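K.L.:
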Amino acid sequence: MAQSDVDVVVVGAGFAGMYLLHELRKTGFSYRVLEAGDDVGGTWYWNRYPGARCDIATTDYQYTWDPELHEQWQWSEKHAAQPEILRYAQFVAKKHDLYSGIEFNTRVDGAQWNEVAKRWSIHTSTGETITCQHYVMATGCLSVPKEPDINGTEKFTGNVYVTGRWPHEGVDFTGKRVAVIGTGSSGIQSIPHIAEQAKELVVFQRTPNFSMPAFNGPPPQDRVERLKADRATYEHEARYSGTGVPLEDSTVSALSVTQDEAFEMLEEAWQKGELLSLGNTFMDSAINRKANDVVAEFMRMKVRSVVKDPAVAELLSPYKHGYGTKRPCMDTGYFETFNKPHVRLVDLNAQPIRSITETGIDFGKESMEFDAIVYATGFDAMTGAIVSANITGKNGVTLKSKWEHGPLTYLGLTSVGFPNLYMITGPGSPSVLSNMMVSIEQHVDWIRDTLVHMRENSFDTIEPTPLAEEGWRVHCTDCADITIFQEANSWYMGANVPGKPRVMFPYIGGVGRYRMACEEVVAKGYLGFELAGSTKKQCNDGLVRQVQPDVDMVLDFISTLNLPAMETMSPTEARAFSEASSAMRPSGPEVGEITDGVLQGADGELQYRLYRPATPGPHPIAVYFHGGGWVFGSHTSDDPLCRDLCAQSNTLIISVNYRHAPEAPFPAAAEDGFAALKWVHANAAALGGLAEKIAVAGWSAGGNVAAVTAQMSRDTGGPQISGQLLLCPVTDGSHQHGSHIENGERFILTKSLMEWFWNHYATPEQRKNPQASPLLASSLAGLPPTMLVTCQFDPLRDEGNAYARALMQAGVKVEHVEARGHIHTSITMVDMLPSGAPHRREMARALRGFFS
Ligand code: NAP
2 MAQSDVDVVV VGAGFAGMYL LHELRKTGFS YRVLEAGDDV GGTWYWNRYP
52 GARCDIATTD YQYTWDPELH EQWQWSEKHA AQPEILRYAQ FVAKKHDLYS
102 GIEFNTRVDG AQWNEVAKRW SIHTSTGETI TCQHYVMATG CLSVPKEPDI
152 NGTEKFTGNV YVTGRWPHEG VDFTGKRVAV IGTGSSGIQS IPHIAEQAKE
202 LVVFQRTPNF SMPAFNGPPP QDRVERLKAD RATYEHEARY SGTGVPLEDS
252 TVSALSVTQD EAFEMLEEAW QKGELLSLGN TFMDSAINRK ANDVVAEFMR
302 MKVRSVVKDP AVAELLSPYK HGYGTKRPCM DTGYFETFNK PHVRLVDLNA
352 QPIRSITETG IDFGKESMEF DAIVYATGFD AMTGAIVSAN ITGKNGVTLK
402 SKWEHGPLTY LGLTSVGFPN LYMITGPGSP SVLSNMMVSI EQHVDWIRDT
452 LVHMRENSFD TIEPTPLAEE GWRVHCTDCA DITIFQEANS WYMGANVPGK
502 PRVMFPYIGG VGRYRMACEE VVAKGYLGFE LAGSTKKQCN DGLVRQVQPD
552 VDMVLDFIST LNLPAMETMS PTEARAFSEA SSAMRPSGPE VGEITDGVLQ
602 GADGELQYRL YRPATPGPHP IAVYFHGGGW VFGSHTSDDP LCRDLCAQSN
652 TLIISVNYRH APEAPFPAAA EDGFAALKWV HANAAALGGL AEKIAVAGWS
702 AGGNVAAVTA QMSRDTGGPQ ISGQLLLCPV TDGSHQHGSH IENGERFILT
752 KSLMEWFWNH YATPEQRKNP QASPLLASSL AGLPPTMLVT CQFDPLRDEG
802 NAYARALMQA GVKVEHVEAR GHIHTSITMV DMLPSGAPHR REMARALRGF
852 FS
């Protein structure tokens, strides 16, 4: 007789539940494992449609926790078919005696948290109630088929099949008239097989999908060799990779090569017959629509090369969504199938289904009769299986109601209000965007270790904090925001199920980065979790990820370069270093015209670069001062940012090469700034600009020069300024603000580099002068409207924030943005860091606003 009170209840005996069962036994927890089917295998138990096959190679889609399996089990193919994967699951279950620990044909009807007993009550379809301390949903991401949302489905009297619930005995379509609705992975894999048997096959397509041939054969020899030579390294690389397969990340932009070169590279990836190789060819196809178009066009070209009827080829070619933004497919002979005379493609956009009838389907102006209808219409993905299990947490709140507007989890593993509930590959974890085997093993390991930790430390409950959960939601959104995934109506976005909230369900920041976040949480004493026992409580509240994900990647990359600190260099070396770094960045958008010239500074001529919009002039003008700590940089060094501001704000930008320290220390830069403003004002018409519409702008030390210039202009009756745009300005050299310490290391501009800049520019006494430290001016009243952007992880954040506050207090119209998750340099990194783009848009909008 099974125990009715156990340590852990696990729902599901797919690969996740099976491994967890093994680990629970190993670590000595009592358990019940409940499975709705009558065998192990999960996804591979249910999805038995013809042609069902994994799209990750067998070298990677297998367990790693039992090294003996690698000797005892040999895969026959590169991409294993469903029967072989199911046999593998059964083999593992037999080898480890897992069958004896699983209760089959047992569904969970509901679960309630008992706050007094600190235990879950689980109600099963057999009428039993089991109580447990920990409740684990190992229910899979694609396990609940989507409810049919087509008119009249119940009327059809012929045979109906759903790909995700295929009959175990198989189906013979010989001589039959068959309709298949849906052209996702399941449709695309099954259609060629159904076409081989059917007398007549009509495929109803709402959205064409990207698909590539699997070129199936033996497992990829190079990877088999790598595995044999050093399995530990291979598996480590997989665990810390982007997708759970150890592929080298591309460093090539699709926009940096010609289309011929791009197609050559894509052809090489195509020939490998591996889904991830194609998406991995270019570094920017997931984040840049134009880069993605290169891949998409390659794929469309492939369709045209196979499908003989050009009109059908066009219908089979995706245009509305980017490559990869809906799960791309791997097929065997899919597009070739449409060359067969008995196969027809119906475009549901032109001929929508009016109704399923008793004998067939009415669509467009036609009615057709069928013997069988196959629904390959997908799943209520990621959350369907979890919310349908009726989970009620603290205070009677159900998970379904909590997730009404989108799933809220911490790390995709846990959720506030649901203590001791764990989800394996839940929403907010990489799950379906990864090799599921790697992600499953990571989650099982994390849960096992947490349970052991709690037992050893006498904690009864674990629950994430609201702060941590909200922080994770924000981080997941930040990750999604820098990609183009949100443009597509995909099941990743919940868009396939009517009424489902439209959010990005999986975590798109990558398997390795995700794993590191989970590891960091544990290393920091379960950061963001509250652990409680009968006599003690522990809560290290906080956020595990705050820096914008693309900024974080750049920081990680830079840290691998072991670059010397700039403050250890001479000014000449630092200038050369800065120029060399600038040469490697993208150039920024096109503008109407770029010309170089000289203007009159405070003590001689200064170079300037003029960026003219492509629209007819005359234009408003922004006199721009570059960053570089008054020591390095020039009129060309902020080129991408100046182009971007020019193009987006329709403003003529004049970037000034003011004199630099230590050769020309304070107040040279300030005096040059003011002189440049006066010269531009006097020569505005000749430059093609409007003298009555001049603003100043600058970044970092250039922001300091801009702010000081605005004050000098106010104080000495200089030209009337329409506004000042200050990005991370230096405003106060007289004392250190908290952010100098808080953000003093790791974020490119360091505390010691800032000190180096100041030491070259101004003496401690000079720094008290408002022309060095504009925050110290006796009054800020009468300054022009201001847009001031500070960055959360900038050492200069607090002095910028203080300047914004002081301006407001002085009655100046100020728009102040503290860019969340950004560092001192990130907003200037045009076309490199997508997360900076919204802030540059706002800066350009503010600039336009100064002149309106
Ligand atoms: P899917 O990708 O969601 O595809 C469902 C298809 O049905 C889509 O073409 C969809 O059109 C269409 N559809 C849905 N509702 C419809 C309606 N009311 N009227 C007309 N058409 C409708 O589902 P899936 O093919 O089962 O695949 C789901 C996921 O499972 C895959 O993306 C993949 O991650 C996984 N999978 C993997 C493999 C593999 O490893 N090889 C195989 C199968 C599945 P829209 O696109 O317009 O919504």
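Numbering-wise (my numbering), the sequence shown opens with residue 2 and increments by one. We put the beta carbon where it would ideally sit given N, CA and C, even for glycine. Keep in mind that this is a model prediction, so the values were computed, not measured.
(1) Would you kindly work out how many angstroms separate the C-alpha atoms of residue 187 and residue 563, rounded to a whole number?
(2) When DSSP labels each residue in this structure, what does residue 76 get in the three-state scheme?
(3) Would you say the beta carbon of residue 190 comes nearer than 7 Å to a heavy atom of ligand 1?
(4) Is residue 143 near ligand 1, in the sense that its beta carbon is under 7 Å from a heavy atom of that ligand?
(5) When DSSP labels each residue in this structure, what does residue 705 get in the three-state scheme?
(6) Can you name the residues that DSSP bridges to residue 160?
(7) What does the Cβ neighbour count give for residue 842, buried or exposed, with the cut at 16 atoms within 10 Å?
(8) So what does DSSP say about residue 219, is it helix, strand or coil?
(9) Please write down, chain order preserved, every residue whose beta carbon lies under 5 Å from a heavy atom of ligand 1.
(10) Report the rounded CA-to-CA distance for residue 548 versus residue 316, giving the unit in angstroms.
(11) Taking the alpha-carbon positions, what's the residue 742 to residue 735 distance?
(12) Roughly how many whole angstroms lie between the Cα atoms of residue 799 and residue 348?
(13) Nearest CA to the CA of residue 681: which residue from 622, 154 and 701?
(14) Below 8 Å, how does it come out for the region 440-459 and the region 421-430: are there three or more Cβ pairs, yes or no?
(15) What are the boundary residues of the beta strand (DSSP E) that residue 422 is part of?
(16) Where does residue 90 fall in DSSP's three states?
(17) Does the Cβ of residue 464 have 16 or more other Cβ atoms within 10 Å, making it buried, or fewer, making it exposed?
(18) Rank 333, 196 and 366 by C-alpha distance to the C-alpha of residue 342 and give the top, closest one.
(19) Note down the Cα distance separating residue 485 from residue 530, rounded to an integer number of angstroms.
(20) Three-state secondary structure (DSSP) at residue 288?
(21) So if DSSP puts residue 1 in a beta bridge, which residue, or which two residues, is it bridged to?
(22) Residues in the same chain with beta-carbon distance under 8 Å from residue 829, minus the five sequence neighbours each way, listed in chain order, please.
(23) Count the other CB atoms within 10 Å of the CB of residue 128; is the residue buried (16 or more) or exposed (fewer)?
(24) Within the continuous beta strand (DSSP E) that includes residue 32, where are the two ends?
(25) When burial is assigned at 16 or more other CB atoms within 10 Å of the CB, is residue 457 buried or exposed?
(26) At 4 residues or longer, and completely inside the region 134-221: list those alpha helix (DSSP H) runs for me, N to C.
(27) Less than 8 Å separating the beta-carbons of residue 18 and residue 9?
(28) Where do the N-terminal and C-terminal ends of the alpha helix (DSSP H) with residue 271 fall, by residue?
(29) For the alpha helix (DSSP H) containing residue 804, list its first residue and its last residue.
(30) Hey, residue 555 and residue 822 are a contact pair by Cβ (cut 8 Å); roughly how many whole angstroms apart?
(31) Please confirm whether residue 79 and residue 218 have their CB atoms less than 8 Å apart.
(32) May I have the straight-line CA-CA distance separating residue 725 from residue 707, to the nearest angstrom?
(33) Please name the residue in 141, 780, 824 and 791 whose C-alpha comes closest to that of residue 807.
(34) Between which two residues does the alpha helix (DSSP H) harbouring residue 773 extend?
(35) Cα-Cα, which of 659, 510 and 774 is closest to residue 603?
P.N.:
Based on what the coordinates show:
(1) 47 Å
(2) coil
(3) Yes.
(4) yes
(5) helix
(6) 373
(7) exposed
(8) coil
(9) 55, 56, 143, 150, 151, 183, 184, 185, 186, 187, 207, 208, 328, 378, 379, 492 and 497
(10) 42 Å
(11) 15 Å
(12) Near 58 Å, if we compare the C-alpha coordinates of residue 348 and residue 799.
(13) 622
(14) yes
(15) 422-424
(16) Of the three classes helix, strand and coil, the one that applies to residue 90 here is helix, per DSSP.
(17) buried
(18) 196
(19) 32 Å
(20) Three-state DSSP puts residue 288 in coil, outside helix and strand.
(21) Residue coverage of the chain in this structure runs from 2 to 853, which leaves residue 1 outside it and unanswerable.
(22) 628, 639, 641, 642, 700, 728 and 837
(23) Exposed is the label assigned to residue 128, since fewer than 16 other Cβ atoms lie within 10 Å of its Cβ.
(24) 32-35
(25) Counting Cβ neighbours within 10 Å, residue 457 comes out exposed, since fewer than 16 surround it.
(26) 186-198
(27) no
(28) 260-273
(29) 798-810
(30) Not confirmed; about 12 Å, so no contact.
(31) yes
(32) 7 Å
(33) The residue with the shortest Cα to Cα distance from residue 807 is 780.
(34) That residue, residue 773, is in no alpha helix (DSSP H); it is neither H nor E in DSSP.
(35) Ranking 659, 510 and 774 by CA distance to the CA of residue 603 puts 659 first.
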